Amino acid sequence: MCIVPPAVVIASAKPYPGRPLLCRKCTCDILSYDGRPVKTTAFIHPQCLACPARQDDSAGETARRRCAVGKVVAALSMSLDGFVADEYDSVAPLFGWYQNGDVEVPSADPRWTFHMTEASARFLRRALTECGALICGRRLFDRTDGWGGRHPLGCPVFVVSHSIPAGWPRGGSATTFYPDPMAALDAARAEAGDRIVGVSTPTLTRLYLDAGLLDELTVSLVPVLLGEGVGFFDTLTVAPIHLSDPQIIAGSGVTHLTYQVMR
-12 MCIVPPAVVI
-2 ASAKPYPGRP
8 LLCRKCTCDI
18 LSYDGRPVKT
28 TAFIHPQCLA
38 CPARQDDSAG
48 ETARRRCAVG
58 KVVAALSMSL
68 DGFVADEYDS
78 VAPLFGWYQN
88 GDVEVPSADP
98 RWTFHMTEAS
108 ARFLRRALTE
118 CGALICGRRL
128 FDRTDGWGGR
138 HPLGCPVFVV
148 SHSIPAGWPR
158 GGSATTFYPD
168 PMAALDAARA
178 EAGDRIVGVS
188 TPTLTRLYLD
198 AGLLDELTVS
208 LVPVLLGEGV
218 GFFDTLTVAP
228 IHLSDPQIIA
238 GSGVTHLTYQ
248 VMR
């Protein structure tokens, strides 16, 4: 069940009167989505990571909470030296694998069809079939013009932004704007249900990693050295973060590495 209407709105995360905005382990927050109070289920703020209330939680309760919603998965293409865009903010050197093969993979939007190797096609089909919501930042949204109102994955998009850009809302577009990244994640999880919530920008990936909210990390590793650009993991504030051994899909010009985040 969706708690956010499909039209483009800006929602505010405001604590219920008289109660502080704390993590889900410290209190039961009540936030407002488009004027409607909603009890949150996805909040663990970085300042609450050491909260004693979280330390007392049983493994069983934690497992039940995680099973109630789908995975939160960050997936980006990255150069061998750790950049997700070059110094000019271009991802072109990292996206060649989308069009370097003979296997046709239609996206959810007829404007985009990919041609890749069978291995990469197998990897991409998972995202196309399992992603129930996508979170991105304003920078990516502006660079793509919001994908024209419909993302290639075909799922609702939740944009972290303090303002609504000119030309939005657009009719028929399931794009929603949130000033607070934690509120965006909570709404995306409610929309996705038991499907994947995708995270498509490095800043939000680092934020959710720091907060202990990311379940899975996928790096499509491209054999190129960019030298400088937009780094993926250069400003983590909670470290070390341990990952599982990767599941590996070797494509042409890319190796897809999927890690589970260890807790």
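Each residue of the sequence shown is one higher than the one before, counting from -12 in my numbering.
Glycine included, C-beta positions come from ideal geometry on N, C-alpha and C.
Just so we're clear, the structure is a prediction, and the values are computed from it rather than from any experiment.
Which residue wins for smallest C-alpha separation from M65, given the options Y75, P210 and S239? Reading the sequence shown from its first residue, position 78 is the one you call residue 65. With distances taken between Cα atoms, M65 lies closest to P210.
Express the C-alpha separation of D129 and R250 in angstroms, rounding to a whole number. Locating residue 250 in the sequence shown gives position 263, where the first residue counts as 1. Locating residue 129 in the sequence shown gives position 142, where the first residue counts as 1. Between the C-alpha atoms of R250 and D129 there is a straight-line separation of about 34 Å.
Would you check if the distance between the CB atom of K58 and the CB atom of D197 is smaller than 8 Å? Along the sequence shown, one-based indexing puts residue 58 at 71. Along the sequence shown, one-based indexing puts residue 197 at 210. No, the Cβ-Cβ distance between K58 and D197 is not below 8 Å.
Expressed to the nearest angstrom, what Euclidean distance is found between the alpha-carbon atoms of A108 and L81? On the sequence shown, residue 108 is found 121 positions in, with the first residue counted as 1. On the sequence shown, residue 81 is found 94 positions in, with the first residue counted as 1. Using only the alpha carbons, I get a separation of about 16 Å.
Backbone secondary structure at D129 - three-state DSSP: Indexing the sequence shown from 1 puts residue 129 at position 142. In the structure shown, D129 sits in a helix (DSSP, three-state: H, G or I).
What's the gap between the Cα of A114 and the Cα of A61? As a working mapping, residue 114 is identified with position 127 in the sequence shown. As a working mapping, residue 61 is identified with position 74 in the sequence shown. Computed Cα separation, rounded: 11 Å.
Say whether the segment 212 to 229 touches the segment 94 to 109, bearing in mind that this needs 3 or more beta-carbon pairs closer than 8 Å, one atom from each stretch. The segment 212 to 229 makes no contact with the segment 94 to 109, as fewer than three CB pairs between them are under 8 Å.
Using the C-alpha atoms, what's the distance from V78 back to I235? Your numbering for residue 235 matches position 248 in the sequence shown. Your numbering for residue 78 matches position 91 in the sequence shown. Each residue's alpha carbon lies about 22 Å from the other.
Range of the contiguous alpha helix (DSSP H) that encloses F101: The residue given as residue 101 occupies position 114 in the sequence shown. Run containing F101: none in the alpha helix (DSSP H); it sits in the beta strand (DSSP E), T100 to M103.
Measuring CA to CA, which of V248, Q247, L212 and S160 is closest to A72? Here residue 72 refers to the residue found at position 85 when the sequence shown is read from its first residue. Each of V248, Q247, L212 and S160 was checked against the Cα of A72, and the nearest Cα belongs to L212.
Contacts around R182, its chain only, beta-carbon distance under 7 Å, and the 5 residues preceding and following it disregarded: Locating residue 182 in the sequence shown gives position 195, where the first residue counts as 1. G57, E117, C118 and G119, listed in sequence order.
Return helix, strand or coil for L63, following the three-state DSSP convention. As a working mapping, residue 63 is identified with position 76 in the sequence shown. Look at L63 here: in three-state DSSP terms it is strand.
So, using beta-carbon positions, are L172 and I122 closer together than 8 Å? Within the sequence shown, numbered from 1, the residue matching residue 172 stands at position 185. Within the sequence shown, numbered from 1, the residue matching residue 122 stands at position 135. If you check the CB distance, L172 and I122 come in under 8 Å.
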